[in-house]
Amino acid sequence: MTHHGPALSRTQIDHFIQKGFVRIDEAFSETLAAECRALLWRATGCDPQDRATWTRPVVRIGHIPHPRFVEAANTARLHAAFDALVGPERWLPCPSMGTFPIRFPSEEDPGDCGWHIDASFGWENEPDFLKWRINAYSKGRALLMLFLFSDVDEHNAPTRLRVGSHLEMAARLAPHGERGLTLGELAAQGFGKDDGAVETLATGPAGTVYLCHPFLVHSAQPHRGTEARFMAQPPLLPRVPLDPERPEDQRSPVEEAMARGIAGSGVSS
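In case it helps, this note's numbering puts the sequence shown at residues 10 to 278.
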């Protein structure tokens, strides 16, 4: 699989380091998105032509072992972007899309719209997700990824992103070393919802992917629009541990953002 276009520009990489995310347009084709969406419609048990069957605000679909999803996650454009952000041979190809949160128009509260970052370890034998852990090295997660399988505008429950919040999260995690903090401990500190931070929305046509720093604070939101929204939020797994203490000229953009956040915390490496 060869990617003949540019990977990411210097401007895009700087945006990722400073803001915490980069949008990849046409990361996979709209035709492939439509095929995946048809599989997801069947899995929901809902009829795309009969809104009376859209009875829940969110339907979560577990892993679907279908090659079309693996294809969407591993296009040449995405692999080139992974190299640019994480480093060549420092990440693992995505074998699955994980869970799909499918959102439907509803006045009902979906109950899952709090600000958070995704925990990445300590979940293996722990059913309580608030006890799952995150550390300043993002053990177990190289990127947070948002795959749009349907067109998503501001009316169709796009994921909310807190711009630059990954730097603050690195600073909070830095004093806690390898053990890090649980998601519950981080939540008890708050996620800066009243600090005036800039928010943006993960919108775009089907086939768009947002590659986000693993510490980026984000949130779902209630769907008050008209069309069902299909997306996936898999992690990109590291092949080798992330290390913000690498020499500066060897750091990936993910590690550089961590190092900047840790430097802002006053914790020396």
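Beta carbons: idealized from backbone N, C-alpha and C, even for Gly.
In this text the structure is predicted, and so the values were computed from the model without any measurement.
Check                                                                                                            : Outcome
8 Å contact criterion, which Glu80 and Leu41 should meet: CB distance rounded                                    : 6 Å
Counted within 10 angstroms of its Cβ, other Cβ atoms place Glu177 as buried (16 or more) or exposed             : buried
Inter-residue spacing [alpha-carbon to alpha-carbon] between Phe78 and Arg86                                     : 15 Å
Nearest residue (CA-CA) to Glu2, options Thr191, Ala93, His125                                                   : The first residue shown for the chain is 10 and the last is 278, placing residue 2 beyond what the model contains.
Of the listed residues Gly54, Ala266, Gly270, Leu246, nearest to Pro102 (C-alpha basis)                          : Leu246
Three-state class that DSSP yields for His12 in the structure shown                                              : With a pLDDT of only 44 at His12, under the threshold of 50, the placement of this residue in the model should not be trusted, and no figure is reported.
Start-end ranges of the alpha helix (DSSP H) lying completely within the stretch 58-135, minimum 4 residues      : 76-82, 85-95
Residue of Trp50, Arg238, Leu94, Gln21 minimising C-alpha distance to Pro214                                     : Arg238
Assigned exposure category for His232 - 16 Cβ within 10 Å defines buried                                         : buried
Any non-hydrogen atom of the ligand FMN within 6 Å of Ala43 CB                                                   : In terms of ligand content, the structure shown is empty, and the ligand FMN therefore cannot be addressed.
Under 7 Å between C-beta atoms of Ala268 and Pro256                                                              : no
With 16 other Cβ atoms within 10 Å as the buried cut-off, status of Gly71                                        : exposed
Rounded distance between the beta-carbons of Ile271 and Ala145, thought under 8 Å                                : 6 Å
Complete runs of the beta strand (DSSP E) confined to the stretch 140-199 [at least 3 residues]                  : 152-157, 169-171
Nearest-angstrom beta carbon gap, Met240 and Pro66 [assumed within contact, 8 Å]                                 : Contact doesn't hold; Cβ gap of about 15 Å is too wide.
Asp118 burial status per 10 Å Cβ neighbour count (16 or more: buried)                                            : exposed
Spatial neighbours of Arg32 in its chain, beta-carbon cut-off 7 Å, leaving aside the 5 residues before and after : Gly213, Thr217, Tyr219
Those residues which DSSP pairs with Thr209 across a bridge                                                      : Leu170
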